[in-house]
Each structure stands twice: as structure tokens, then as C-alpha cells.
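Structure first, commentary second.
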Amino acid sequence: MSMNIQGICDVLDGKVRGKPVAITKFVDEIPDSYDGIKVDPCQILRHAMDDGKRVYFDRQNQDCIHGAYITGVHEGNEQIQSGRLLTDYIPAYNIDAAYTFNSGEYILPQGTVKGFGAAPLDNVPEGSEVDWIVVVCTPGVAGMVSAARAVKDGTRPDTAAGNSYCSDMFVSPFYNDNVIITPGDVGGRNNNKLKESELFVIIPAKWADGIIDILGATPDVKGIFEATRPEDSPYWDKQKAKKERAANRTDKVSKVAKEKYGLEISMEWDIAAVETIAKAPKFVRKFAVSNVEDFAEEQNYQRITVEVVKEQAESAGMGKFMKQAEGSKLAKVISLFKRDK
Numbered sequence: 001m002s003m004n005i006q007g008i009c010d011v012l013d014g015k016v017r018g019k020p021v022a023i024t025k026f027v028d029e030i031p032d033s034y035d036g037i038k039v040d041p042c043q044i045l046r047h048a049m050d051d052g053k054r055v056y057f058d059r060q061n062q063d064c065i066h067g068a069y070i071t072g073v074h075e076g077n078e079q080i081q082s083g084r085l086l087t088d089y090i091p092a093y094n095i096d097a098a099y100t101f102n103s104g105e106y107i108l109p110q111g112t113v114k115g116f117g118a119a120p121l122d123n124v125p126e127g128s129e130v131d132w133i134v135v136v137c138t139p140g141v142a143g144m145v146s147a148a149r150a151v152k153d154g155t156r157p158d159t160a161a162g163n164s165y166c167s168d169m170f171v172s173p174f175y176n177d178n179v180i181i182t183p184g185d186v187g188g189r190n191n192n193k194l195k196e197s198e199l200f201v202i203i204p205a206k207w208a209d210g211i212i213d214i215l216g217a218t219p220d221v222k223g224i225f226e227a228t229r230p231e232d233s234p235y236w237d238k239q240k241a242k243k244e245r246a247a248n249r250t251d252k253v254s255k256v257a258k259e260k261y262g263l264e265i266s267m268e269w270d271i272a273a274v275e276t277i278a279k280a281p282k283f284v285r286k287f288a289v290s291n292v293e294d295f296a297e298e299q300n301y302q303r304i305t306v307e308v309v310k311e312q313a314e315s316a317g318m319g320k321f322m323k324q325a326e327g328s329k330l331a332k333v334i335s336l337f338k339r340d341k
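Counting from 1, one number per residue, gives the positions in the sequence shown under the numbering used here.
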């Protein structure tokens with residue numbers, strides 16, 4: 001499957017944990033360029049993502065019979081095949097549900113593949129096909145990346161919960177071409193050391209270039225927001241009042257903001273706070289000024305400092321994600337998009 005691997009890696013840089021990972025299904029032979037590793041099958045993701053290794057699992061190279069059964073490289077045993085593995089140790093499952101998850105569309109028939117390989121997307125061995133991509137990221141990033149197909153043909157991503165993460169990562173992509181966004185199960189999360197704030201996103205190679213379209217394009221943030229405001233929205237009165245106040249400001253900071261950064265401010269700002277906004281991409285700066293000023297008025301702040309800008313980001317629920325992606329453009333963009341209603 002042809003895809004712009006370098007372009008995908010570039011737009012994901014700093015936005016996902018470690019490296020985006022290419023998953024390859026091995027139907028016949030497993031290339032020598034991958035190393036067999038005796039771990040839970042889903043754990044090959046972490047070794048490629050965090051350690052940059054090219055690894056695989058098969059019948060011999062695996063350390064979880066359940067995962068190996070789900071992926072069709074091991075016949076398992078009666079407890080696993082029947083689903084009793086789940087009911088015996090997780091009381092919430094009834095036997096019908098447990099059997100459903102360990103049969104049908106949630107597993108691969110025995111012998112479908114020899115095994116699966118994982119490699120950093122920018123270091124896939126020559127001759128190996130990329131069947132799908134897996135990334136680990138915050139919900140904010142996941143919400144954009146998982147739309148890789150939706151922006152092409154309107155098909156929303158699938159979601160998953162309740163079943164083994166091995167099904168999400170290896171089985172569902174085998175059966176369909178859709179994107180999957182999933183928290184994974186406890187085992188999958190533990191094996192890949194996910195933080196509470198992280199999710200898995202699985203993108204078939206067919207739709208992977210959509211990631212570039214989403215993260216590489218420049219949206220008209222203010223335009224789409226204003227296009228959705230009714231004529232009697234309080235937003236228009238606020239904007240009119242801000243414009244009038246900004247026109248009457250003659251202080252040095254207002255002058256620098258307008259002449260150097262093209263920003264109109266209608267309140268008292270510290271120059272450091274203006275410079276913080278100016279670090280964001282141009283297409284969100286004006287929108288960000290409006291957000292911060294709205295927040296400052298609501299909190300009865302008479303002057304906007306860097307601390308006020310940061311507090312606004314925290315109040316919008318994006319402070320935690322900003323810290324995790326500190327320094328990346330995406331962190332700034334996400335925090336400044338958010339508006340309190």
C-alpha cells in the first residue's frame with residue numbers, strides 16, 4: 001500500500017508517544033529483518049514505539065496463549081476457546097459474552113497468519129508492507145488522527161471496549177478497513193505502559209495519508225466559529241465592544257501587539273502575555289486573544305499576564321495535555337481552540 005511515510009511521520013512528530021508504529025501481517029514467512037520476541041503479542045507495539053525495535057511474535061515467540069489464540073497462531077485450550085478464561089477470573093462477564101469475544105469476528109482462524117511484526121514507521125524493512133499504523137496519544141490528538149478516514153469518505157472510526165486489545169490491534173483491522181480508537185483492556189494498557197491520559201488509535205494503510213490532511217492543513221478557526229453563531233448571539237455584541245475598546249487603546253503594549261503581531265487587544269496586557277500568544281500559529285492567534293480576554297473578564301482580572309493565559313488553558317481542560325506535549329505546536333493549538341460556552 002503506497003503512502004507518504006515521511007509526511008505522516010513529520011506531522012505526527014511531537015504529537016504521539018514515541019514513534020508511530022507500522023504493523024505487518026506475515027502470512028507466509030517472517031523476514032530476518034525482524035527479531036522474534038517472547039512477550040505478550042500486543043506488547044510488540046511498545047518495543048517498536050518506545051525502543052525503536054523491529055520485532056515480531058509467532059507461535060514460538062509469544063508469552064500469552066490467550067493473545068496467541070486470538071491472533072490465530074496458537075490453538076489455545078478449552079478454557080480459552082470457550083471463553084471461560086474471562087468468566088473464571090472476571091465475574092462481570094457471562095459465558096455468552098465471553099464466548100462471543102473469544103470466537104467469530106474477534107479472533108483470527110488458526111493458520112491465517114504466521115505472525116505479526118511491528119516496526120517504527122520510519123524504519124520499516126525494505127520489502128515489508130505496512131498493513132496498518134498504531135499510535136498512542138492523548139484524547140485530543142486521537143480525536144483528530146482517528147478522523148483519517150472520516151475526512152475522506154465520511155465514515156466515522158470504530159470504537160472498542162470490553163474485548164482483548166489483541167482483537168483491536170490485530171484482528172479488527174484484518175477484517176475491515178476502518179480506523180479504530182480504543183482505550184484497550186487492562187492487559188493491553190499495562191503491557192504498553194499507557195498513562196491514564198493515553199489512547200490507542202489504529203489506522204489502516206489505505207487511510208493513513210488522511211493524517212497529513214488533518215494535521216498538515218490550516219483551518220480557519222475563527223471563520224468556522226463565527227459561521228455557526230446566530231445573529232442574536234451574545235458573541236457579536238462582545239466582538240463589537242472589544243473592537244471599540246481596542247481602537248481607543250494607545251499604550252505601548254497595544255501598539256506592539258498590533259504592529260508586530262497583527263493583534264488587537266482590548267484590555268491591559270503584559271508584553272510577555274502577548275508574546276506567549278504570538279508563539280501559537282498565526283491562524284489561531286486572534287481567536288486566542290478573544291478567548292483569553294473573555295476568561296479574564298469572567299474572572300474580573302484587570303490585567304492579562306502569562307499566568308492568566310496559562311490559567312485559561314487549565315480552565316479549558318487542556319492544561320494536562322499541554323504539559324505532556326510541552327513545546328509542540330499542537331499543544332498550543334489545542335489549548336487555544338477551546339472556548340467556554
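Virtual Cβ for every residue (Gly too), placed ideally from N, Cα, C.
A Cβ-Cβ separation of about 20 angstroms leaves Leu45 out of contact with Met144 under the 8 angstroms criterion. Taking the C-beta atoms as reference points, Thr276 is found no nearer than 8 angstroms to Val253.
When beta bridges are read from the DSSP output, Glu268 appears opposite Arg303. Remark: C-beta atoms of Pro204 and Pro125 do not approach each other more closely than 8 angstroms. Comparing alpha carbon positions, the residue from Glu129, Lys152, Thr159, Gly154 closest to Ala142 is Thr159.
Per DSSP, the unbroken alpha helix (DSSP H) holding Ala257 starts and ends at 252-261. The alpha-carbon separation between Val73 and Ala118 amounts to approximately 16 angstroms. Just so you know, the alpha carbons of Phe26 and Gly115 end up roughly 5 angstroms apart. For Gly216, the enclosing alpha helix (DSSP H) begins and ends at 210-216. Looking only at Ser128, Met267, Asp232, the smallest Cα-Cα distance to Asn248 is reached by Met267. In the DSSP assignment, Gly117 forms a beta bridge with Thr24, Tyr56.
Excluding the 5 residues flanking it on each side, Ala148 has same chain C-beta neighbours closer than 7 angstroms at Val179, Ile203, Trp207, Ala208, Gly210, Ile211, Ile214, in chain order. Measuring C-alpha to C-alpha distances from Asp50 to each of Leu194, Val171, Ser2 identifies Leu194 as the nearest. With respect to the 8 angstroms criterion, Gly83 and Ala68 are not classified as neighbours on the basis of their beta carbons. Going by beta carbons, Cys137 and Val186 fall outside the 8 angstroms limit. Counted as a single uninterrupted DSSP element, the beta strand (DSSP E) harbouring Phe200 occupies residues 199-204.
Exclusion of the five residues before and after Trp269 leaves Val253, Ile304 as the residues of its chain whose Cβ lies within less than 6 angstroms of its Cβ. Judged by their CB atoms, Tyr165 and Gly140 are not nearer to each other than the 8 angstroms cut-off. If you draw a straight line from the Cα of Asp131 to the Cα of Leu121, it is about 11 angstroms long.
Spatial neighbours of Tyr235 in its own chain (CB-CB distance under 6 angstroms, excluding positions within 5 residues in sequence) are listed in chain order as Arg229.
The beta carbons of Asn192 and Gln43 sit closer together than 8 angstroms.
Our two residues, Leu108 and Ser167, have alpha carbons roughly 9 angstroms apart in a direct line.
By the neighbour-count criterion, in which a residue is buried when 16 or more other Cβ atoms sit within 10 angstroms of its Cβ, Tyr89 is exposed.
Taking 8 angstroms as the cut-off, the Cβ atoms of Asp35 and Asp63 do not count as close. Burial state of Lys15 is buried, judged by a 10 Å Cβ sphere holding 16 or more other Cβ atoms. Taking a C-beta distance under 8 angstroms as the contact criterion, Leu263 and Arg285 qualify as a contact pair.
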